[in-house]
Every structure is written in structure tokens, then in C-alpha cells.
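Only one structure is covered here, and it is reproduced in the block below.
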Amino acid sequence: MKIKLSDFDSVSICSLKDLERLIPANRQGLALNYGQGEGQFQIENTVWGIYLTSDQKYSLLYQEGSMEWEAFCALCSDMIQHIKTEFNQALKFTVEGALNHFPERERYLADNSK
């Protein structure tokens, strides 16, 4: 699952310390690695990546972990509220499927839409 950030001019990820700013205060977590404006961080038993997309927007990617749906929704809500508080209340978040903009999927859809 990918969560895209828009209106993110106030978000700048330049170090492990900046990655730590993505972790809600009420959750245990740590920054795992950083490089070239992107990185990974852990919140409880989940691992997230933050990446720059081809259109130079940040996206959060849920990479590893498993939990009950209600706990996952609560974690996402805590994370989004915390990021808004840390960076900018005007940030907007959009959820995308993992295969959106995946060339093989788009070719398959185009070939089978006839």
C-alpha cells in the first residue's frame, strides 16, 4: 500500500533525524536507513519507506509487518496526524494500490480491455 503526500513543500527528509520525525510520539519506532532524500523507518512491528516519486512527491510505502485491521487503521491515523503536526496541517494524503502505475499491469489492462 502506498500513501502519497501532496502539498508537501514543508516536508524535507535529509537525514535519519528527519526520518525520526515521521514516528508518532505515542508509538515505539526508529529510523533504519537514509539516502538521497529517501529512507526506511520502523513503527512497532511495521516497516515503512518514504520515497520520492517520479513527479517529485513523497510517498509512504508500507513494506513489512502484519497486524489486525483496526490496529493498522489506528497506526495510519496516528502517523498521518503526527506528520501533519510535525510538518504542515495542510498536507493531503492519498492511498494507492501497490500496482498502480506498474507497466506490466497497465499493459495487461490495455490488452484485455477490448
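For the sequence shown, the residue numbers in the working numbering are 192 to 305. Beta carbons are placed, not taken as given, at the ideal position from N, Cα and C, and that holds for glycine.
Simplified DSSP assignment, three categories, for residue i
{"i": "Ser250", "result": "strand"}
{"i": "Gln231", "result": "strand"}
{"i": "Glu277", "result": "helix"}
{"i": "Ser304", "result": "coil"}
{"i": "Leu213", "result": "coil"}
{"i": "Glu261", "result": "helix"}
Nearest-angstrom beta carbon gap, residue j and residue i [assumed within contact, 8 Å]
{"i": "Asn236", "j": "Met258", "result": "7 Å"}
{"i": "Thr285", "j": "Ser206", "result": "Not confirmed; about 26 Å, so no contact."}
Those residues which DSSP pairs with residue i across a bridge
{"i": "Asn224", "result": "Gln231"}
{"i": "Lys208", "result": "Note: Lys208 sits in no beta bridge, so no partner."}
{"i": "Phe284", "result": "Leu196"}
Beta strand (DSSP E) segment containing residue i, residue limits
{"i": "Gly240", "result": "Thr237 to Leu243"}
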